[in-house]
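> Sequential numbering of the sequence shown, starting at 0, is according to numbering that gives the first Met the number 0.
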Amino acid sequence: MSVPRVLIVDDDVVLLKALPEALQLRMEGVAVDTCDSAPSALRQINATDYDAIVADIKMPGMDGLALLAEIRALRPETPTLLI
0 MSVPRVLIVD DDVVLLKALP EALQLRMEGV AVDTCDSAPS ALRQINATDY DAIVADIKMP
60 GMDGLALLAE IRALRPETPT LLI
């Protein structure tokens, strides 16, 4: 069985540190990647098959809603949560 992979996308560096730690405390063995912008997240999503994506809705440049539209086009089966 493969390790679940989650991508967290947020422009807030404090949350980018705290959210993976919190998730790993609740879900032992989960692999968490982080990105600080939507464009960098899209590069990661193109390269890696994630089991879930959590993204900030308010980010500079491309916001979470625009990112969601791109995720739906690239990987429609991937559950995505906007916070």
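Every residue, glycine too, gets a C-beta built ideally from N, C-alpha and C.
To the nearest angstrom, report how far apart V29 and R74 are at their CA atoms.
About 20 Å.
> So, L6 versus A40, is the Cβ gap smaller than 8 Å?
Cβ distance < 8 Å, so L6 and A40 count as in contact.
> Should M26 be labelled buried (16 or more other beta-carbon atoms within 10 Å of its own) or exposed?
So M26 ends up on the exposed side.
> Skipping 5 residues on each side, what residues in its chain have a beta carbon closer than 6 Å to that of A51?
Excluding positions up to five away in sequence, the list reads V5, P78.
> Comparing alpha-carbon positions, which option in V2, A68, D9 lies nearest K57?
When each option's Cα is compared against that of K57, the closest is D9.
> Using three-state DSSP, classify R4 as helix, strand or coil.
In this structure, R4 counts as strand in the three-state DSSP scheme.
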